[in-house]
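Undergrad:
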Amino acid sequence: MDKARRGRNIAIAVGLVAFIVIVYAVTLIRMGGNIGARPF
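FYI, the numbering for the sequence shown is 86 to 125, going by our numbering.
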(Lines of atoms letter the chains of each structure in order from A; the text may use other names.)
(Lines give C-alpha, C1' and ligand atoms only; values in the text may rest on other atoms or scores of the structure.)
Protein backbone atom coordinates (compact mmCIF):
# COMPACT_ATOMS: atom_id res chain seq x y z
CA MET A 86 0.00 0.00 0.00
CA ASP A 87 2.69 2.46 1.03
CA LYS A 88 4.91 1.50 -1.89
CA ALA A 89 2.03 1.96 -4.34
CA ARG A 90 1.18 5.34 -2.83
CA ARG A 91 4.81 6.46 -3.08
CA GLY A 92 4.97 5.37 -6.72
CA ARG A 93 1.83 7.33 -7.51
CA ASN A 94 3.18 10.40 -5.71
CA ILE A 95 6.43 10.17 -7.68
CA ALA A 96 4.48 9.86 -10.94
CA ILE A 97 2.37 12.90 -10.05
CA ALA A 98 5.48 14.89 -9.10
CA VAL A 99 7.27 13.97 -12.33
CA GLY A 100 4.21 14.87 -14.38
CA LEU A 101 3.86 18.21 -12.61
CA VAL A 102 7.53 19.09 -13.12
CA ALA A 103 7.32 18.06 -16.78
CA PHE A 104 4.22 20.24 -17.25
CA ILE A 105 5.96 23.26 -15.65
CA VAL A 106 9.06 22.75 -17.82
CA ILE A 107 6.93 22.50 -20.99
CA VAL A 108 4.98 25.67 -20.13
CA TYR A 109 8.24 27.51 -19.35
CA ALA A 110 9.85 26.35 -22.59
CA VAL A 111 6.79 27.35 -24.66
CA THR A 112 6.80 30.78 -22.98
CA LEU A 113 10.49 31.29 -23.80
CA ILE A 114 9.97 30.18 -27.40
CA ARG A 115 6.93 32.44 -27.78
CA MET A 116 8.80 35.46 -26.34
CA GLY A 117 11.86 34.74 -28.46
CA GLY A 118 15.22 33.15 -27.78
CA ASN A 119 16.89 36.36 -26.59
CA ILE A 120 14.76 36.59 -23.43
CA GLY A 121 16.79 33.76 -21.89
CA ALA A 122 20.02 35.76 -22.13
CA ARG A 123 18.66 38.69 -20.09
CA PRO A 124 17.76 38.61 -16.40
CA PHE A 125 14.07 39.27 -15.83
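Note that the Cβ used here is the ideal one computed from N, Cα and C, for glycine as well.
In whole angstroms, what is the alpha-carbon distance linking Ile107 and Arg91?
TA: As a position in the sequence shown, residue 107 is number 22, starting the count at 1. As a position in the sequence shown, residue 91 is number 6, starting the count at 1. Each residue's Cα considered, the two are about 24 Å apart.
Undergrad: From what residue to what residue does the alpha helix (DSSP H) around Gly92 run?
TA: Counted from its first residue, the sequence shown places residue 92 at position 7. Here the alpha helix (DSSP H) through Gly92 covers Asp87 to Met116.
Undergrad: What's the gap between the Cα of Asp87 and the Cα of Leu101?
TA: By 1-based counting over the sequence shown, the position of residue 87 is 2. By 1-based counting over the sequence shown, the position of residue 101 is 16. Distance between the alpha carbons of Asp87 and Leu101 is about 21 Å.
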